[in-house]
Structure formats: C-alpha cells, structure tokens
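In the working numbering, the protein residues as written are 544 to 836.
Note that CB positions come from ideal geometry on N, CA and C, so glycine has one too.
Accompanying notes for the structure given below.
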Ligand code: FAD
C-alpha cells in the first residue's frame, strides 16, 4: 500500500497552501481533490478584491493561477474522493471512493464546508444499510434493492455501476437538469429525502412523499460531513474543532479552511493551510525523534 508523510484532503486554497508548505518542508505528500481545484472557486464571477497579490481576479482565474503555481512546484492533484479516514493510532488509513487504500503518517483535512446536516438515521445506520461509497460497498448488496441520493451528476456513473450488481436502483437527484443512465433497472424519483428508517439495519428511505424500501441507501454527496469522513472527530456543528495550531482532537490529524468554521474566506483558508502543514511537519519530526530514542 502506498504510504505518504502527509495526506491532504482538498484542493482549494487551504489544501494547496498546505501542500506548498509541506513540500517546502521536504515531506512526501498526496493531495486529493479535483483539477478545477474547488467548485466554489469555479462559480465566483465577481472580482475578488480581498486576496493580497491577486488584483480583481474571478474565482476561475484565481484557480488557474493557483494550478500553475502548484504544477511549477511539482505538486500533482489526485482526482479521487476520500471516503473514510481511519485513525490507526500512529498512522492513518484512507479509504478512497474507488475502493483503493493509502496510508499516511499525518492528515490535513481541507475539504471545505458542507451545508445542511446528516439525515436522521444516517449516522445510526452507517455500515448497516447506509453507505458513502458505491464502489466499496456494492458487492454487499448483490441482487438487492438500493437507493442512491445523488449530490451531483458525477453520481450517475456510480448508479450505473450499482445497477450492474443490484436488482433495482432508485435514484434521487439533489440537483436539477437532465439525467441519463445506461441501465434500465434505475428509476429516477424526484422527491426530498427525509429520514432513513430501519431496525437492526436500514430498511427504507422516507421522503417527503413516500417510503422507498431499500437494503442500502447510498448517500453520494459532493463532500462529506467531517464527522462521517473521520470517525471519532470532534466537531461543533459543521465545523471541525481545532486549536490555534490547527490540531484536531485526533493526534496527527489537522484541519484548515472553511471546514474549521467561519469566516469563509480565501485568505483565512490559505493561512490555516500554512499553519496546518507546519504543525503536521513538526508532528512528524517529533515522531521521528521519539522513534530514535
Ligand atoms: P474549498 O474551496 O471548498 O475546497 C474544498 C476542496 O475539498 C475541493 O477541492 C473539494 O473537491 C475537496 N474535497 C471535499 N471533500 C473531499 C473528499 N472527501 N475527498 C477529496 N476531496 C474532497 N472568499 C473571499 O475571501 N472573498 C470573496 O470574494 C469570496 N467570494 C465568494 C463567493 C461565493 C459565491 C462563494 C461560494 C464563496 C466565496 N468566498 C470568498 C469563500 C471562498 O470561496 C472559500 O472561503 C474558500 O474557497 C475556502 O477554501 P477551502 O480550501 O477551505 O475549501
């Protein structure tokens, strides 16, 4: 299994500043995110007037400048979603949405903020009829009825994959626009998910209009709530609890950017990314010294 000094989750300003700083500190890194860097940056059409050094650029232009800089620094972005981060004591195992795994000695969470909150029943039935990863968990539901709550068009591919394995897939899009599938055992239902119901495991999804029997509800959001991404992580509402050094309650796990709470700003995100990377580097150096004693 591939192993890195630091795994950085997120390719927005927080994740990229953390990546530049960690690289400067000579750490081996892997950065998860996307080549468009951040959906938020892609939609900002007004001139950004409060980021020092970049005068009146749109979000898209800012993303192009950032991408150029990290490519010059030799930093690549791994275009994969991290499904779960498991704290293993002295290191971390990251399960990716393609069911692959990597390990890292430290992790920086820079995954942005996610609006809303988990559905009632979501945390309770996680691993017992609720899943965040189609590729990882599809084999468990071979020949069964499943429901997908799709946060973006990217999840249509995941649902087609599920339809190859499961008997029936109900697809609930959380977005508008055209939807297309290659399998005909997928039914699109435009209703609002309300709650996941069940006993010892999930049995159905209740919506604002009906109850859909499901052996598993796959909740495929663009991003995950931090507490679900990292079991055991302390949060305050949607925000990860950190100290001034960007340390979380889990040793070796740091967080930066919108994910740590208000204010949601580029400069604050980049600044916290810098602090998180310096803290992660110091943590790794200390760990090495301890091992040599
Ligand atoms: P994000 O930019 O949200 O990046 C998060 C990254 O994490 C993304 O790359 C995402 O793909 C990745 N990710 C999430 N989950 C996973 C996962 N499980 N696995 C792998 N990758 C994952 N700020 C200003 O300072 N000035 C402005 O003028 C301004 N205007 C704004 C206008 C709008 C319309 C919006 C929406 C925001 C604006 N902001 C502005 C705020 C600014 O965009 C954010 O503060 C900033 O983008 C936060 O950076 P971040 O790196 O923390 O998170």
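Within 7 Å of the C-beta of residue 585 there is not a single heavy atom belonging to the ligand FAD.
Contact between residue 664 and residue 740 holds: their C-beta atoms lie close to 6 Å from each other, under 8 Å. A residue is called buried when at least 16 other Cβ atoms come within 10 angstroms of its Cβ; residue 674 meets this threshold and is buried. When only Cα atoms are considered, residue 680 and residue 545 end up about 22 Å apart.
Ranked by how close their Cα comes to the Cα of residue 653, the residues 684, 772, 824 and 601 have 772 in first place. Apart from the 5 residues on each side of it in sequence, residue 661 sits with its Cβ closer than 6 Å to the Cβ of 768 in its chain, given in chain order.
In the same chain as residue 649, and ignoring 5 residues on each side of it, the C-beta atoms closer than 8 Å to its own belong to 548, 549, 550, 635, 795, 796, 797, 823, 826 and 827, in chain order. For residue 552, the CB falls within less than 7 Å of some heavy atom of the ligand FAD.
For residue 591, no beta strand (DSSP E) run applies, since DSSP gives it neither H nor E.
Note on geometry: alpha-carbon atoms of residue 564 and residue 821 lie some 7 Å from one another. Annotation: residue 700 to residue 618 spans about 28 Å, alpha carbon to alpha carbon.
Closer than 7 Å to some heavy atom of the ligand FAD: that does not describe the Cβ of residue 805.
The residue among 605, 829, 693 and 735 with its C-alpha nearest the C-alpha of residue 586 is 605. For residue 611, the enclosing alpha helix (DSSP H) covers residues 602-615. Fewer than three beta-carbon pairs drawn from the segment 723-731 and the segment 741-754 are found closer than 8 Å, and the two stretches are therefore not classed as touching. For residue 644, DSSP records a beta bridge to 638.
For residue 769, there is no enclosing beta strand (DSSP E); the enclosing alpha helix (DSSP H) has its first and last residue at 769-772. Exclusion of residue 663 from the 7 Å shell around the ligand FAD follows from its C-beta lying no nearer than that to any non-hydrogen atom of the ligand. Contact between residue 624 and residue 639 holds, since their C-beta atoms are separated by about 7 Å, short of 8 Å. If you look at residue 730, you'll find it isn't in any alpha helix (DSSP H); it sits in the beta strand (DSSP E) that goes 729-731.
Within 7 Å of the C-beta of residue 693 there is not a single heavy atom belonging to the ligand FAD. Secondary-structure assignment with DSSP links residue 786 through no beta bridge to anything.
Remark: C-beta atoms of residue 715 and residue 682 do not approach each other more closely than 8 Å. Residue 779 has 782 as its beta-bridge partners, per DSSP. Residue pairing for residue 759: DSSP places it in a beta bridge opposite 689. Of the candidates 655, 608, 621 and 555, the residue whose Cα lies closest to the Cα of residue 764 is 655. Within the same chain, and ignoring the five residues on either side of residue 759 in sequence, the residues whose Cβ sits closer than 6 Å to its Cβ are 672, 674, 684 and 689. Pairing residue 616 with residue 566 gives a Cβ-Cβ distance under 8 Å.
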